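Working notes, structure below.
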Amino acid sequence: MKITGVYRESGVEAEAPLDNYFVASRNPVYIGVLLKPSRGIWEYLKNNDSVILKLGDEERYFTMKLKYRIEVGENSIFFLNPEEEEEFGKFFFST
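Here the sequence shown is numbered in this note's numbering, starting from -5 and rising by one per residue.
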């Protein structure tokens, strides 16, 4: 499934594809996102506690809380948990 992070950069809405993601847990739901340090979505996640994810071609939007960040070598893994866990799970795991 295609996942895109939607965030604000310099007061303007921006989007970034999150190609390196994985399901860290189904119950409770946690999505892990592997990112290399850079401007944009990595910098946004480093400095904020939530992000909007746009899922798939249907463009369903979910607010995700940033619960944990782990540094792995030169990369970071951000663990995201949906505010609406049941609705997110039904949509994400059914496609």
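The beta carbon of each residue, even a glycine, is placed where N, CA and C say it ideally should be.
Every value quoted in this text rests on a predicted model; they were computed, and no experiment measured them.
DSSP on residue i, reduced to helix/strand/coil?
i       : result
GLY5    : coil
LEU100  : No information on residue 100 is available, as it lies outside the stretch -5 to 89 that the chain covers here.
LYS30   : coil
GLU77   : coil
GLY(-1) : strand
With 16 other CB atoms within 10 Å as the buried threshold, where does residue i fall?
i       : result
ILE35   : buried
ALA10   : buried
PRO31   : exposed
PHE16   : exposed
MET(-5) : exposed
VAL45   : buried
Which residues does DSSP list as the beta-bridge partners of residue i?
i     : result
ALA10 : GLY(-1)
ASN69 : VAL66
PHE90 : Lying before the first or after the last residue shown, residue 90 is absent from the chain, which here runs from -5 to 89.
Measuring alpha carbon to alpha carbon, tell me which of the options ends up nearest residue i.
i     : options             : result
LEU12 : PHE87, ASN41, SER70 : SER70
- Taking three-plus beta-carbon pairs below 8 Å as touching, is the segment 79 to 87 in contact with the segment 20 to 27? Here the segment 79 to 87 lies against the segment 20 to 27, with 3 or more beta-carbon pairs under 8 Å apart.
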